[in-house]
Each structure stands twice: as structure tokens, then as C-alpha cells.
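In order, the protein sequence lines correspond to chains A and B. Position in the first sequence counted from 1, then plus 3, gives you this note's numbering. Position in the second sequence counted from 1, then plus 52, gives you this note's numbering. Positions of the beta carbon are idealized from the N, C-alpha and C atoms, including for glycine. Beneath this line is the structure, given in C-alpha cells, with notes to follow.
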Amino acid sequence: MFKYLLAKNEDIPAGSAAVFFGFSSIIWFVIGTGLGSFNAAKLAFPDFVTGNIYFAFGHMRQVHVMAVIFGWISMAFAMAMMYITPALGNSKLWSEKLGLWNCLFWNVGLALGLTVLWAGITSGREYSDFPWPIDLYLAVFVFIPLATNVWMTVLTRKTQGIYTTNWFFIAAVFMVIIVFLVGNSPEFFHLTGLTEAYLTWWFAHNVLGLWITPVAAAIAYYTVPKVTGNPLYSHRIGHLHFWSVVVFYSTPAAHHLMSAPLPEWLKSFASVEGVLILVPAIAFVSNIMLTMRGKWYMFVENIEIRFTITGCLMAIPLNMQGGFQQTRAINWYIHGTGWIVAHAHLALLGFSTFLEGAAVYLGLQTIMRRKLYSLTLANLHFWMLLIGFTIYWVSMTIAGLIQGAGKIYEVPYIDVVIAEHPYMIARWIGGTLVFVGNILWLYNMWMTARVGTVVPAGRMPHELSYER
Amino acid sequence: MSWNFDRPLVTLCDASTNEADKVLWEKEDLGGITEDNNRMPVPVVLLVVLTVLTAFAVTFPLWGQRPTAALYAGYVKSMDLPEVQAIQDDTAAMAKIIQLNVGKGDDAKLERHPLGMNDLRIIKPQIEALVAKGVNLEEYTVVGDLIVNANFEGNKKADVTPERIQPWWDKGYTIDIFYVIYFFLMVIILIKRLPPSTWQPRHNH
Numbered sequence: 004m005f006k007y008l009l010a011k012n013e014d015i016p017a018g019s020a021a022v023f024f025g026f027s028s029i030i031w032f033v034i035g036t037g038l039g040s041f042n043a044a045k046l047a048f049p050d051f052v053t054g055n056i057y058f059a060f061g062h063m064r065q066v067h068v069m070a071v072i073f074g075w076i077s078m079a080f081a082m083a084m085m086y087i088t089p090a091l092g093n094s095k096l097w098s099e100k101l102g103l104w105n106c107l108f109w110n111v112g113l114a115l116g117l118t119v120l121w122a123g124i125t126s127g128r129e130y131s132d133f134p135w136p137i138d139l140y141l142a143v144f145v146f147i148p149l150a151t152n153v154w155m156t157v158l159t160r161k162t163q164g165i166y167t168t169n170w171f172f173i174a175a176v177f178m179v180i181i182v183f184l185v186g187n188s189p190e191f192f193h194l195t196g197l198t199e200a201y202l203t204w205w206f207a208h209n210v211l212g213l214w215i216t217p218v219a220a221a222i223a224y225y226t227v228p229k230v231t232g233n234p235l236y237s238h239r240i241g242h243l244h245f246w247s248v249v250v251f252y253s254t255p256a257a258h259h260l261m262s263a264p265l266p267e268w269l270k271s272f273a274s275v276e277g278v279l280i281l282v283p284a285i286a287f288v289s290n291i292m293l294t295m296r297g298k299w300y301m302f303v304e305n306i307e308i309r310f311t312i313t314g315c316l317m318a319i320p321l322n323m324q325g326g327f328q329q330t331r332a333i334n335w336y337i338h339g340t341g342w343i344v345a346h347a348h349l350a351l352l353g354f355s356t357f358l359e360g361a362a363v364y365l366g367l368q369t370i371m372r373r374k375l376y377s378l379t380l381a382n383l384h385f386w387m388l389l390i391g392f393t394i395y396w397v398s399m400t401i402a403g404l405i406q407g408a409g410k411i412y413e414v415p416y417i418d419v420v421i422a423e424h425p426y427m428i429a430r431w432i433g434g435t436l437v438f439v440g441n442i443l444w445l446y447n448m449w450m451t452a453r454v455g456t457v458v459p460a461g462r463m464p465h466e467l468s469y470e471r
Numbered sequence: 053m054s055w056n057f058d059r060p061l062v063t064l065c066d067a068s069t070n071e072a073d074k075v076l077w078e079k080e081d082l083g084g085i086t087e088d089n090n091r092m093p094v095p096v097v098l099l100v101v102l103t104v105l106t107a108f109a110v111t112f113p114l115w116g117q118r119p120t121a122a123l124y125a126g127y128v129k130s131m132d133l134p135e136v137q138a139i140q141d142d143t144a145a146m147a148k149i150i151q152l153n154v155g156k157g158d159d160a161k162l163e164r165h166p167l168g169m170n171d172l173r174i175i176k177p178q179i180e181a182l183v184a185k186g187v188n189l190e191e192y193t194v195v196g197d198l199i200v201n202a203n204f205e206g207n208k209k210a211d212v213t214p215e216r217i218q219p220w221w222d223k224g225y226t227i228d229i230f231y232v233i234y235f236f237l238m239v240i241i242l243i244k245r246l247p248p249s250t251w252q253p254r255h256n257h
């Protein structure tokens, strides 16, 4: 891959950037979930690895979070954009070379950012933990080049129309730049107090709402029609979905701060908008489910569809939780508890991971023109991910309810810690299953690249039968 | 861009624009992906309407807000009663205070925001100071161990400053109402610019 960095753009094989991003994303997923498993072990077994500050939970937690968000999820998105955007425009990626450099700078910047976080150099702001030089680096060397490549690919497309997936891609790469620059402004301009708190959660909310959620959904809009061969059920519902994400997901940041001394009218506004997040969810789930008509057997037989539909189904509990847990009536109970941790994992490890997992499976096979090395390993990966995630989500939800009760009824803290201990062990088991599953995935994709059956031109990988 | 308002619920485009759109829709190959022109299914429309109604309904009474100082005024008053002061055990004293105040205030809110004697001892002097000043306790909220001016912006008082009490017309809801109306109007216009949903593209033609 590195040999193409200095090659002429026209000499670089199509899809090189996507392959680079695809494998990078899986490696970061292994690292991120490995760190998650390690951190969970520290919560389950307090005597596990003590005496070294660099392995203290406070040093490690944000390294896990940022590795997963900006390594696994965002790089899988970049991978999807590198091959889906040109495919939908019947064209080539505007610049494979820019894509390759983009991926290299991304890996270097992320490694640097995680290293300084690990060393304890942090902004101290959740989800925007990187210190401001790293934030600027990510904006300039990661998101702006990515956006340039996506926009230019769409501008140089060979079709008149732009398919739904590309609406989301074009908008999301724009929005993530704005979110990054505005959301980190407390660090650039030394904003403090309530302004800092609000902008911190404005960033955290919108990196989920205007980057992760729409891009994950956009991938499903591609994967399901492409693999099933069915037309997307409704272009109209696509409009409702896209615009309701832009309008309703961008506004409720204040609902993360329902107990803060923000103006109450702002909380009321944000709370209503928070429930309205269900509008894009309804549009998305119904459109994808209806697109599956007549092809539901593929949910069982096809690994990409199984990943996609599982992720899509997870959008239902995700948005039911997200819509209502932020209302004052529920937030006072679950705020600051493990419930929120469970919800965050439902969004990132459930909904989003399953959707982009499908994109990486499909994309790597399609671009490398190699059939998946082992369906058994892929099935094992799917079930380890699903079972591991479910154990995690259920145990942390229960732990959160216990913590909520402890908080409201002023139960002594140590009693709450003792009561939730079994769920912390379950959390570690679930997280470790996910981690081990991802190692299998990395092996499977590596072997696919090396010895996967060649897919003839003009055929889709899933159209070939498995040989092993 | 041509408009046609003869049948606004069917299409907002004139016939020639619709025909051009149909031709493009059927002809164009978007990386091997096609799209249908199905209308929004009725259950989806109903779910969206239900969501909008629920969004306002579930937040309108402003459930789950911080307790006001007024909520605990009865408790604070009861602390000085001889029958309460005679009880040495804090838990029993608190139970007595709760019992004395049942039916006198907002029982449901008091149940959602329980206090102990230590909490009451902290807020008692603050509430008594506010009562002595003659201010409206509804304008103050209890935040941990502090009683502070509530951050509501309600109706204007005679001196033009806003009441710190939640009004029935919250400014946030007012913005929401207009925001939601603008959104649905724009999406409906956008969708009605497409060919009528009675037409479906014939793929691969």
C-alpha cells in the first residue's frame, strides 16, 4: 500500500484507499475493543493491574473511547465512502492518492492522539478529550481531505442524480468538520463554565447525531439494495429520513445537561427535539425493512445482510431509549449511571458497528475481488459480536437501574458498588467476546486478501458459493 | 423549476417536469441501485404523527424538574414543632415530618424528591431567610445543598423582570411548535415535487 503514496494518481489501482482504510479500521477495532476489555476487567476485578498510573482506569478509558470512535467507526466510514461514493456515481474516486495520504495521516494522528491521552495529556472534556493541537490536526489532515475527496467524487460523477447514500455522505463530511471546529472551540478560545459544558455536549451529541448515525444509515441504504438486488422501497421516505436527521438531530444537545443551570426553555426545546429523533429512526427502519421484501431469506444466508439488518433492528431500541431517556421525567433517574454507558454502546457497538461491519465485509471482498475466506469465521464473528454486545448492554442497563435507585434513594455508595459487581463481571465477559471475535475477523479478512477465491469481473462476491 | 398547484396533495410539478423526472428515474443506473417511488405507508405517517404528539405530551408538564424551595417549606416549618423536636432519632423524626405534611403539599413530588434530616438542616436556614425576605419560594430551586434562583423565564413582573416560575407557555415549546411546522411543510413540499406516488418506475427499462 505504501508504494502507491508517491505514485501518480492514475497509476494507483481503484479501491486502494478503501482497502487501506478497511484494514486500518479493523485493526483499530481490535485495539479499541482490547482496551475496552482491559478497562472492563479493571472494573470487574479492582486488583487487576495496579501500581502503574499508565494502566489506571482514568488514563485508559478515553483511549478506548477515542480508538473506537475515530479509529474503528470513522475509518470504516471513510472506507465505505472511498468505494460507495464513486460506485453510486458510476465513476472513480476523485483521488486515490489523496485517499491513501488521508489514511496514513489519519493513522499517524490517531496514534499520536491516543498516546498523549494515555500519557494523561487531555482536554478533560468527554468525547472531545484530545488536546487542541490534535483536534486541529484531525480537522486539517483527516476530515477536510476526506470531505474534499467525497465532494469532488460526487461533483465529477457520471450520473445526473445523486443517490440517497451520497446525500448523507456529502452532508456528514461537511457537518463533522463544523462539529469538530465549533465543538472544540472551548479549547481554542479558552471558553469556560457553562459555555464550555454546553459546547462539550454539543460536540458529543453531534458527533453521534451528524456523523455516526447518518453515515451508518447511509451505508444500509447502499448495502441492502446492492446485495438483495431490490430497489430501495421509497425515495420519499429517504427524503424524510435525511432532512429529519439534519433538522432534529442537530438541535437537542442541551438534553445532555438537563440538570445543569442552563435556561429551562432551552432544555424544554431540546427535550422535545430529543423525542423527535424518533422521526428519522422510523423513516430509516421502515424504508430498509420494506426494501427487504421477498428477500428475507438473505437475513439468514447472507453475512452482509445479516449484519445490516441486525444493526437496523438495533436502531429501534436505540432510538426508543435515546428519545425518552433525555426527558426530565426519566433523566433524573438514569443520568450519570451505567444506563447511559449501555446506551452509548447500543449506539456505537450495536447499531453503528453492525452496519459498518457489513460495509467492510462487502467492500473488501468487492474491491479485492476475493470471496470471503471463511464463512464459518464470519458467522462466529457475527455471533460473538451479537452475544458479547447483548451481554454487555443488558448487564450495564441493569447496573444503571441499580445505580439510579441508589442515587435517588441515597443508598450508601459502597452498597451500590457491591450490588452491581456481578454486572461488571458480565460486562467484562461480553466485551471480551467482542474483542476475541474481532481478532477472528481480522484473521479472516487477512486470509481473504491472501487466498480468497477470485471473484470474476461483473459478479458480486455473494453470488459465488463458498468453497470452504 | 415549474410549479403546479392544481392538485397540491398529488404533485406540485407540472406534467412536463414530471415526465422528464420519470424518464431520468427509469434510465439512470446509480451504481446498479434502483429506487421505487412508493408513498409513505400509512402506519409510518401515523407513527410520525404519534411521535410529534408524544414529544410535546411527554415533556409538557415538565416532569422531573428540580424541586422548588416551596416544596420543602412545610417540612422546614414542621422541624420546629415540639412533637418533632422531641424525637431523638433522625429517621423517626423525618418520618414524623413526612406524616405531618401528607396532603398539604405536592405529595407526588415530595415522594420523587425525598430528603433526610441532614438535608433539611442544611436548607432550613436558607428557606427561612427567603421567607423573611418575603419572596416567592416557587422562584427558587433546591440544587444539592444550595437554594438558588430558578433559571426559568416566565411572565413579566410589574418591574419588567421575568418571573422565575415555569409559565404554561414555555419559550422552548413555542420555538418547537414553529420549528416542527416549518420542517413538515418543507418536507411535504419536497416530496410533492416528485412524480405522483401512483407512478412507479419500471426498472431496467
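Using a cut-off of 8 Å between C-beta atoms, extract the partners of residue i located in chain A.
i, result
"B:R91", "S237, R239"
"B:E80", "T162, Q163, G164"
"B:P166", "I411, Y412, E413"
"B:E180", "Within chain A, no residue comes near B:E180; the closest Cβ sits about 24 Å away, beyond 8 Å."
For residue i, go through chain B and note every residue whose CB falls closer than 7 Å to its CB, in chain order.
i, result
"A:A90", "G83"
"A:S274", "T111"
"A:P217", "Within chain B, no residue comes near A:P217; the closest Cβ sits about 16 Å away, beyond 7 Å."
"A:V250", "F235"
By DSSP's criteria, residue i is part of a beta bridge. Which residues make up the other side?
i, result
"B:E87", "A:L235"
"B:Y192", "B:N201"
"B:L82", "B:I85"
"B:P214", "B:K208"
"A:V457", "A:R373"
"B:T120", "B:T193"
Whose Cβ in chain A lies nearer than 7 Å to the Cβ of residue i?
i, result
"B:Q218", "E267"
"B:V31", "Since the first residue shown for chain B is 53 and the last is 257, residue 31 of chain B is missing from the structure and cannot be characterised."
"B:E87", "P234, L235, H238"
Just to make sure I have the definition right: I need the residues of chain B whose C-beta is within less than 8 Å of the C-beta of residue i. Which are they?
i, result
"A:E307", "Residues of chain B passing the Cβ test: none, with the nearest at roughly 15 Å."
"A:V278", "T103, T106, A107, V110, T111"
"A:S271", "T111, L114, D222, K223, G224, Y225, D228"
"A:V185", "Within chain B, no residue comes near A:V185; the closest Cβ sits about 20 Å away, beyond 8 Å."
"A:W246", "F235, M238, V239, L242"
"A:P283", "By Cβ distance, chain B contributes nothing, its closest Cβ being about 10 Å from A:P283, past 8 Å."
"A:F327", "V110"
"A:N93", "D81, L82, G83"
Under the assumption that residue i contacts residue j (Cβ atoms under 8 Å), give the Cβ distance between them as a whole number of angstroms.
i, j, result
"A:I76", "A:E359", "6 Å"
"A:G25", "A:G314", "Wrong, their Cβ atoms sit about 17 Å apart, outside the cutoff."
"A:V458", "A:L467", "6 Å"
"B:Q218", "A:R331", "That pair is no contact at about 11 Å."
"A:E307", "A:Y364", "5 Å"
"B:E259", "B:A122", "Nothing can be reported for residue 259 of chain B: it is not among the residues displayed for chain B, which extend from 53 to 257."
"A:E267", "A:F251", "Rounded, the Cβ-Cβ distance is 20 Å, inconsistent with contact."
"A:A207", "A:E129", "6 Å"
"A:S188", "A:L197", "No, A:S188 and A:L197 are not in contact; Cβ-Cβ is about 14 Å, not under 8 Å."
Would you mind telling me which residues of chain B sit closer than 9 Å to residue i, beta carbon to beta carbon, in chain order?
i, result
"A:F177", "The premise fails here: A:F177 is roughly 19 Å from chain B at the closest Cβ pair, so nothing lies under 9 Å."
"A:L194", "In chain order: nothing, as chain B lies at least about 19 Å away."
"A:K229", "G83, G84, I85"
Members of the segment 96-118 of chain B that neighbour chain A once the beta carbon cut-off is set at 8 Å
Contact residues of the segment 96-118 of chain B toward chain A are V96, L99, V100, T103, V104, T106, A107, F108, V110, T111, L114, W115, G116, Q117, R118 (C-beta to C-beta distance below 8 Å).
Give me the subset of the segment 186-214 of chain B whose CB atoms are less than 7 Å from a CB atom of chain A, sorted by chain position.
Hits within the stretch, in order: N203, F204, E205.
Cβ contact (3+ pairs, closer than 8 Å) linking the segment 102-117 of chain A and the segment 368-382 of chain A
Counting Cβ pairs under 8 Å, fewer than three are found: no touch.
Three or more C-beta pairs closer than 8 Å, one from the segment 85-105 of chain B and one from the segment 216-235 of chain A: is that the case here?
Counting C-beta pairs closer than 8 Å gives three or more between the segment 85-105 of chain B and the segment 216-235 of chain A, which meets the contact rule.
Return the residues of the segment 230-248 of chain B that lie within a Cβ-Cβ distance of less than 8 Å from chain A, sorted by chain order.
Against chain A - using a Cβ distance shorter than 8 Å - the residues of the segment 230-248 of chain B are Y231, V232, F235, M238, V239, L242, I243, L246.
Given a limit of 9 Å on CB to CB distance, which residues of the segment 399-421 of chain A reach chain B?
Flagged, chain order: I411, Y412, E413.
I'd like to know if the segment 235-245 of chain B and the segment 285-301 of chain A are in contact, where contact means that at least 3 CB-CB pairs between them fall below 8 Å.
Contact between the segment 235-245 of chain B and the segment 285-301 of chain A is absent, because fewer than three Cβ pairs lie under 8 Å.
Could you tell me whether the segment 65-85 of chain A touches the segment 36-49 of chain A, where touching means 3 or more Cβ pairs closer than 8 Å?
Counting C-beta pairs closer than 8 Å gives three or more between the segment 65-85 of chain A and the segment 36-49 of chain A, which meets the contact rule.
What residues from the segment 61-78 of chain B come within 9 Å of chain A, judged by C-beta to C-beta, listed N to C?
Result list: L76, W77.
Check whether the segment 391-411 of chain A and the segment 58-75 of chain B touch, using three or more Cβ-Cβ pairs below 8 Å as the test.
As far as the Cβ criterion goes, the segment 391-411 of chain A does not touch the segment 58-75 of chain B, which means the pair count is below three.
Under 7 Å, CB to CB, which of the residues in the segment 287-321 of chain A have a partner in chain B?
Listed by position along the chain: S289.
Pair every Cβ in the segment 162-170 of chain A with every Cβ in the segment 109-125 of chain A, then say whether three or more of these pairs are closer than 8 Å.
They do not touch, by the three-pair rule.
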